[in-house]
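Q:
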Amino acid sequence: MSLQTPRLSWQAITLKLRNPFRISYGVSATRQAFWLRLADDAGWGEAAIPPYYGISDESMIAYWQTIAQRSDPFPNEPADIPAWL
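The sequence shown runs 973 to 1057 under the numbering used here.
Right under this line is the structure:
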């Protein structure tokens, strides 16, 4: 098994919800999400952090910028991905 250098790219997107999301502390009509691409392996994914987790958009942007700069190989085994991230 050979490991390849990742080529991760991401884009922040704003999703307009068809139906506003309502919980006890308020209503939101949009959701910030991130569209992710892992090149060479043709991997695509998305990540959306609900606002009640308390993670700011700026924190997520900084996180994806850091991950995109990693030079160590992306793992072949799905179980190894959380440790790599």
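All C-beta atoms in this analysis are idealised placements derived from N, C-alpha and C, irrespective of residue type, glycine included.
Since we're looking at a predicted model, the values are computed, not measured.
#1: Within its chain, find whatever has a CB closer than 8 Å to the CB of Ser1029; leave out the 5 residues flanking it on each side and keep chain order.
#2: Looking only at C-alpha atoms, which of Trp1007, Leu1008, Pro1022 and Ser981 sits nearest to Val999?
#3: Assuming Ser981 contacts Ala1040 under a Cβ cut-off of 8 Å, what Cβ separation, rounded to an integer in Å, is found between them?
#4: Which same chain residues end up closer than 7 Å to Trp1036 when comparing Cβ atoms and leaving out the 5 residues on each side of it in sequence?
#5: From this set, Ala1051, Arg979 and Ile1033, which residue's C-alpha is nearest Arg1009's C-alpha?
#6: List the residues that DSSP assigns as beta-bridge partners of Ala984.
#7: Which of the three DSSP states is assigned to Ser1028 in this structure?
#8: Ignore the nearest five residues each way along the sequence and tell me which others in Gly1015's own chain have a CB closer than 6 Å to its CB.
A: According to the data block:
#1: A small correction: the amino acid at residue 1029 is Asp; Ser does not occupy that position in the sequence shown. Scanning its chain for C-beta atoms nearer than 8 Å, with the 5 sequence neighbours on each side dropped, one finds around Asp1029 the residues Ala984 and Gln1004, in chain order.
#2: Pro1022
#3: 7 Å
#4: Trp982 and Phe1006
#5: Arg979
#6: Phe1006
#7: coil
#8: none
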